Structure formats: C-alpha cells, structure tokens
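*Asks:*
Residue numbers (the working numbering), protein chains in the order written: chain A, 6 to 299; chain B, 131 to 428.
(1) Can at least three beta-carbon pairs, one atom from the region 136-150 of chain B and one from the region 100-111 of chain A, be found at a separation below 8 Å?
(2) Cutting at 7 Å between CB atoms, please list the residues of its own chain near residue 144 of chain A, excluding the five before and the five after it.
(3) On the three-state DSSP scale, how would you describe residue 262 of chain A?
(4) Tell me the DSSP secondary structure of residue 420 of chain B in three-state form.
(5) Going along the region 334-363 of chain B in order, which residues come within less than 8 Å of chain A, judged by CB to CB distance?
(6) Measure the beta-carbon distance from residue 296 of chain B to residue 383 of chain B and round it to whole angstroms, keeping in mind my assumption that it falls under 8 Å.
(7) Would you say the beta carbon of residue 42 of chain A comes nearer than 7 Å to a heavy atom of the ligand SAM?
(8) With 9 Å as the C-beta to C-beta threshold (strictly closer), list the residues of the region 274-307 of chain B near chain A in chain order.
(9) Evaluate residue 149 of chain B with the Cβ neighbour count: other Cβ atoms within 10 Å of its Cβ, from every protein chain shown; 16 or more gives buried, anything less gives exposed.
(10) Which two residues bound the contiguous beta strand (DSSP E) that contains residue 173 of chain A?
(11) Tell me, please, whether the CB atom of residue 392 of chain B is closer than 8 Å to any CB atom in chain A?
(12) Taking CB distances under 8 Å as the criterion, tell me whether residue 70 of chain A reaches chain B.
(13) May I ask which residues mark the beginning and end of the beta strand (DSSP E) holding residue 174 of chain B?
(14) Go ahead and pull the three-state DSSP assignment for residue 264 of chain B.
(15) To the nearest angstrom, how far is it from the Cα of residue 195 of chain B to the Cα of residue 398 of chain B?
(16) Can you give the beta carbon distance from residue 157 of chain B to residue 138 of chain A, rounded, assuming they're within the 8 Å contact cut?
(17) Decide if residue 387 of chain B is buried, meaning its Cβ has at least 16 other Cβ atoms within 10 Å, or exposed.
(18) For the alpha helix (DSSP H) containing residue 289 of chain B, name the first residue and the last one.
(19) With C-beta atoms as the reference, is residue 78 of chain A less than 8 Å away from residue 60 of chain A?
(20) Starting from residue 113 of chain A and walking both ways along the beta strand (DSSP E), at which residues does that stretch end?
(21) I want to see whether chain B comes within less than 8 Å of residue 6 of chain A, judged by CB atoms only; does it?
(22) I'd like to know if residue 322 of chain B contacts chain A, where contact means its C-beta is closer than 8 Å to some C-beta of that chain.
(23) Compute the Euclidean distance between the alpha carbons of residue 125 of chain A and residue 206 of chain A, then round it to the nearest angstrom.
(24) May I have a chain-ordered list of the beta strand (DSSP E) segments no shorter than 3 residues that lie completely inside the region 170-255 of chain B?
(25) Looking at the structure shown, is residue 232 of chain A part of a helix, part of a strand, or coil, going by DSSP?
(26) So residue 118 of chain A contacts chain B; which residues on that side make the cut at Cβ distance below 7 Å?
(27) Shorter than 8 Å from the beta carbon of residue 239 of chain A to some beta carbon of chain B?
(28) Determine, using beta carbons only, whether residue 417 of chain B comes closer than 8 Å to chain A.
(29) Is there a Cβ from chain B that is less than 8 Å from the Cβ of residue 244 of chain A?
(30) To the nearest angstrom, how far is it from the Cα of residue 374 of chain B to the Cα of residue 284 of chain B?
(31) Which bits of chain B does residue 302 of chain A rub up against, with CB to CB less than 7 Å?
(32) Is the Cβ of residue 265 of chain B closer than 8 Å to any Cβ of chain A?
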C-alpha cells in the first residue's frame, strides 16, 4: 500500500504531498478525477461522434439513434470525397497555406525586426497602430476590404489571402516579443562586423528565432486552413475554393444530405488534428509561455 | 568626418523604414485603410461597390431606427452576459481541476485543448447536428434517455444564445484554461508550504493563494473575452442564420447581412461596423488601463 503511494509523482496543485491521504483529500481527489473525466468526454465525444456518423448513409443517419454505425463502410467516405471533389479543395487549401506561411514569416518578421531591434525614429507610432489592430478585429472592415480587392481586380485568386497573412498583428507581437529577448550584444557584434541591417536579420536574428518561427508557422497554417469569410468573398464560386469555402457553401445549400455534410466536416477536421499531434508539445508549451491563444 | 557620420545615420534610418515598409503597406491595405474607409463609407449612400453621395449621418439614423438593430444590440449584450457566465468561469474551473491531477495531466490537457484546433466552421456544423430538432439530434437522444421530450433547440428564442455560447465555450475553454494553468504553475510552492505551516487548510489556501493568482490574470482575460464575444458572427450565421425571428442576431451578423445578405447595402453595413468599433475601442481603452497596471507589454 505504502509502496504504491511513493511511486506517484509529486502533487503540484493546491493539494500537496504534505496534506497526506486523509479521507477529505481522497474524496477531493475523486471529485477532481470525475470532473476531469467529464472534461475529456465533453471535449472528445463530439469529434468521435461525427467521425462515426460519417459511416452512416442518409437513411441510417436520419432514422437510427445509435451512436455506433451499422457498418464501418469506408466507401461512403470515398464516395463523398469524389462527389465533392475534395482533392482539388485540399490542394487549393495547401496553396493558400504555403503562401500564407511565407508571407506571415517574411512580412510580419521584418516589421517586428524594425520595431524591436532597428527602432528608427517614429517606430512607436507603427507599434501602437499594430496594437490597435490586435484589438479591433479584421472582420469589422471586411466590407471596404472586399471593395478594395474588387477595385484592384484581386478577386478570384489566392493573392489577397496570402498577403493578408502578412498583416497579422498577433504575429508581429509574437515576433517582437521574441526579438526583444535576444541578447543585444550578438546583434551589436554583427553590426561591428559590418553586416547591413538586412544581413543582420537573416544571418543573426533569423537563425536564433527558430522557436518563434515554428509557433507562427503553426498558427498561420491553422488560420489559413480554418478561415472562410474572406476566402469565401475572394474565392467563392471560382475553381480555387478551399476546403472551408467549399464546406461553407455546401452547408448553406437549400437541400443537403446530412450524411455527406458530416463526412465533409470530418474531411475538414483531419489535417488540423494531424498537425496538432505532430506539433502538440511545441504548441501547448508555447501557449503557456507566450500566454496568448491563437 | 562629421558629415559622413550624420549621413550614415540617415541612411540607416531610411533602410530601417524600408525594411519595415512591406509590412506597413500590408497593414495599411488590409487593416488600417479599410478601418478608415468604413468610417468614410458610413457617411455615404452606396450603390454596389460605388459611393454615390455624401449623406452625413443618414445611414446611422436609419440603422438606429431599425427594429433589427435594437434586437442585435440587445442580443450582443445577452451574448456577453452568457459568455461571462459560462465562458469565463468554466476555463477557471478547468484549470483548477486539471492542475490538481497527479496522473494523466498531459492527456487531460491535450483532450481539453483539441476542440480549439478544429476549424470554427466545422465545429459549428457539428453542433447543428447535435442540437438538431430531429429525433436523431444527439442532444435529443441523450435527453430521451433521461425521459425528457425532444425539443427544437434552435427554434427556441430563449435558448439560442446560450446554446451558441456553449458551442463557443466548448471550442475555446481548453485554450483559455491552459493560460490559467500557466499562471497557476507560476505560484511559488513555498507559499503553499508556508501557509500550511501557519495552519491554513486546503480551502483557505485556495481562497488566499490560488484564487488571487487567477483573478490577477482574470481581469485581462475578462476584457479579451468581452472583445471576442462582440465579434461573434459566423456561429449564429451557420447555426441559426440569426433566427428564430432575429433572436440570435449579433451586431457583426447584422453587418454581414446588410453587406452580403443580398442587398449589398455597404453604407449601412459600414455604419454598423463603426458602431461596433466604437464599442470595442471603449473596451480596448479599458483593456490597456488594466494591462498597463498588470503586465509590461512594452
């Protein structure tokens, strides 16, 4: 009995090891684990449910109240996949993601480099304008932005989406905070060695900034994949529709087959889940250290 | 000698600005410009994407007179109320509970965070299936097991807003809880020991050490929460289209409806956008006051 208790890792919450194993502590811990079980179930059940629901055909979906489908027939998934030509949408989303990640890293990174390290006269104005953009959402100015995109004849292709990722206040602030934490002696040393400002950026600052680049990349991928309002206005109806645009249009149709809709939802959820499990540790760690959610 | 040094410094200033220029240009095109244009456009009568003529505050007056605007304003406050009730306290509770676990902490944390990585649109569609009025709606199945009659949740005017807030909380709570957990992990363990030596039990430690640590983060999180709930748009757009009878119409959705809901009334949509911006700006000022006191962003 004692042996087992010692093998437990130390308690790190309010209840500490020195509280011992009184009845009160045991009841409390039981309550805590029940609450955690509930948290896990509530978080995961809807996701598991939709994946299972995707195995049902329309009749089963509309009539059966069982959660487990009658049969695990993957051909239903593949049928919806080809019917909605999801391959093309996946490819389009991939193009959007690649461009967005590049723009997010280059433009936000350079701007933050200016704000954090170069600090030319007047940079504080830009800094506070960026802060304002962090708190006033881009969606508010969707209407004039849409008009500008139309006026500049940028609609119908990815360009506005790519470039929009280059104007992300959240990314600029992430970069800025990281650059500020770099030791100024290294940057000074580069300057003395005769590096120009741009050379300092890609020879000294960038190689030191891998962790923050990874974080911004993950957020940019997730954002580019999930966003659908601006992509809908820019790409809607064209052959460049992303997965989310397709899903949005599909979900607003007058007559939809709900089983197909659920499968489409699953298709849209799989890539973020895969990416999450690849980068899981980096992501949760960095949210903890950065203290902001994406 | 002196002159070359001065010109070198000028050159440096100019290159610095040139390095920042692409980013600034993009911010101007995508964020700052459109924000100013919203203000300008809200003062014009528009036809499609053209400004027709300057009408002073006509758009605002006509928006203020509309029943749907009153409804949307009221709803937005109702959204705020529910999101404070659910969206604020649930993550705190989650952080407290998960922080106490000894085994399986990593797994529980990951599970709680997963909804946050799902695309918002996919999550909302998923919830339409859960709250469907059909016999096969998941919530109806679960209620049926408890012997409760099935309901048409999303056609119930008094239920739609809480339901939409629940779905938003489901998605966001895990990520918010993670931030609180980081704050809790920062508490010096000696504090707990010292309190225990002074005779403080578990409850008193929670009250005097843990909760104050949470609330010092909480004031910032609260304002961020309010700001984000004011932007709620695609959730009601997909779940209920703002219905039943505008019961879940938010200000942002009203803006979307004026602009892209078929009428292309960009002038009026901009007026709504400016009204939201003013409200948000007020919160932003509040946020910066609180933030300046608590942390150092600069």
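Here a beta-carbon is modelled for each residue, glycine too, at the ideal position from N, C-alpha and C. These figures come from a predicted structure and were not determined experimentally.
*Replies:* On the basis of the coordinates in this document:
(1) Because the criterion of three Cβ pairs below 8 Å is not met, the region 136-150 of chain B and the region 100-111 of chain A do not touch.
(2) Counting from 1 along the first chain, the entry for residue 144 of chain A is found at position 139. Residues of the same chain with a CB within less than 7 Å of the CB of residue 144 of chain A, apart from the 5 flanking positions on each side, are 234 in chain order.
(3) Residue numbering aside, residue 262 of chain A sits at position 257 when the first chain is read from its first letter. DSSP, read as helix, strand or coil, puts residue 262 of chain A in coil.
(4) Taking the second chain and counting its residues from 1, one reaches residue 420 of chain B at position 290. Residue 420 of chain B falls in the helix class under three-state DSSP.
(5) Hits within the stretch, in order: 335, 336, 339, 340, 357, 361 and 363.
(6) Within the second chain, residue 296 of chain B is the residue found at index 166, counting from 1. Within the second chain, residue 383 of chain B is the residue found at index 253, counting from 1. Contact flag wrong, Cβ pair sits at about 18 Å.
(7) The model depicted lacks the ligand SAM and carries no ligand whatsoever.
(8) For the region 274-307 of chain B, which is checked against every Cβ of chain A, the residues closer than 9 Å are 274, 300, 302, 303, 304, 305, 306 and 307.
(9) The residue you call residue 149 of chain B lines up with position 19 of the second chain. It counts as buried.
(10) Taking the first chain and counting its residues from 1, the one referred to as residue 173 of chain A is at position 168. Counting along the chain, no beta strand (DSSP E) covers residue 173 of chain A, and no H or E run does either.
(11) As a position in the second chain, residue 392 of chain B is number 262, starting the count at 1. Using a CB distance cut-off of 8 Å, residue 392 of chain B does not count as an interface residue toward chain A.
(12) Working through the first chain from its first residue, we reach residue 70 of chain A at position 65. True, the Cβ-Cβ gap to chain B drops below 8 Å.
(13) For the purposes of this step, residue 174 of chain B is taken as residue 44 along the second chain, with counting starting at 1. Where residue 174 of chain B is concerned, the enclosing beta strand (DSSP E) starts and stops at 174-177.
(14) The residue you call residue 264 of chain B lines up with position 134 of the second chain. Three-state result, residue 264 of chain B: coil.
(15) The sequence position of residue 195 of chain B within the second chain is 65, counting from 1. The sequence position of residue 398 of chain B within the second chain is 268, counting from 1. Straight-line measurement puts the Cα of residue 398 of chain B at about 12 Å from the Cα of residue 195 of chain B.
(16) In the second chain, counting from the first residue as 1, residue 157 of chain B sits at position 27. In the first chain, counting from the first residue as 1, residue 138 of chain A sits at position 133. Yes, residue 157 of chain B and residue 138 of chain A are in contact; Cβ-Cβ is about 7 Å, under 8 Å.
(17) Working through the second chain from its first residue, we reach residue 387 of chain B at position 257. Burial call: buried.
(18) In the second chain, residue 289 of chain B corresponds to position 159, counting from 1. Neither: residue 289 of chain B is in no alpha helix (DSSP H) and is coded neither H nor E.
(19) Your numbering for residue 78 of chain A matches position 73 in the first chain. Your numbering for residue 60 of chain A matches position 55 in the first chain. Yes, Cβ-Cβ distance for residue 78 of chain A and residue 60 of chain A is below 8 Å.
(20) Looking up residue 113 of chain A in the first chain gives position 108. DSSP places residue 113 of chain A outside any beta strand (DSSP E), giving it a letter other than H or E.
(21) Numbered from its first residue, the first chain carries residue 6 of chain A at position 1. With a pLDDT of 41 at residue 6 of chain A, under the threshold of 50, the modelled position of that residue is not reliable, and the figure given next carries that caveat. Closer than 8 Å: no.
(22) Your numbering for residue 322 of chain B matches position 192 in the second chain. Cβ-Cβ to chain A under 8 Å: yes for residue 322 of chain B.
(23) Within the first chain, numbered from 1, the residue matching residue 125 of chain A stands at position 120. Within the first chain, numbered from 1, the residue matching residue 206 of chain A stands at position 201. A straight line joining the alpha-carbon of residue 125 of chain A with that of residue 206 of chain A spans about 15 Å.
(24) Inside the region 170-255 of chain B, DSSP marks whole beta strand (DSSP E) runs of 3 or more residues at positions 174-177 and 180-184, from first to last along the chain.
(25) Position 227 of the first chain, counted from the start, is the residue given in the question as residue 232 of chain A. Coil.
(26) Your numbering for residue 118 of chain A matches position 113 in the first chain. Within chain B, 149 have C-beta atoms less than 7 Å from the C-beta of residue 118 of chain A, given in sequence order.
(27) Looking up residue 239 of chain A in the first chain gives position 234. By this cut-off, residue 239 of chain A is not an interface position.
(28) On the second chain, position 287 is the one that residue 417 of chain B refers to. At least one chain A Cβ lies under 8 Å of residue 417 of chain B.
(29) For the purposes of this step, residue 244 of chain A is identified with residue 239 of the first chain, where counting begins at 1. Cβ-Cβ to chain B under 8 Å: no for residue 244 of chain A.
(30) As a first step, residue 374 of chain B is located in the second chain; it is residue number 244 there, counting from the start. As a first step, residue 284 of chain B is located in the second chain; it is residue number 154 there, counting from the start. For the pair residue 374 of chain B and residue 284 of chain B, the Cα-to-Cα distance works out to about 7 Å.
(31) Coverage of chain A is limited to positions 6 through 299, which leaves residue 302 of chain A absent and any answer about it impossible.
(32) By 1-based counting over the second chain, the position of residue 265 of chain B is 135. Cβ-Cβ to chain A under 8 Å: yes for residue 265 of chain B.
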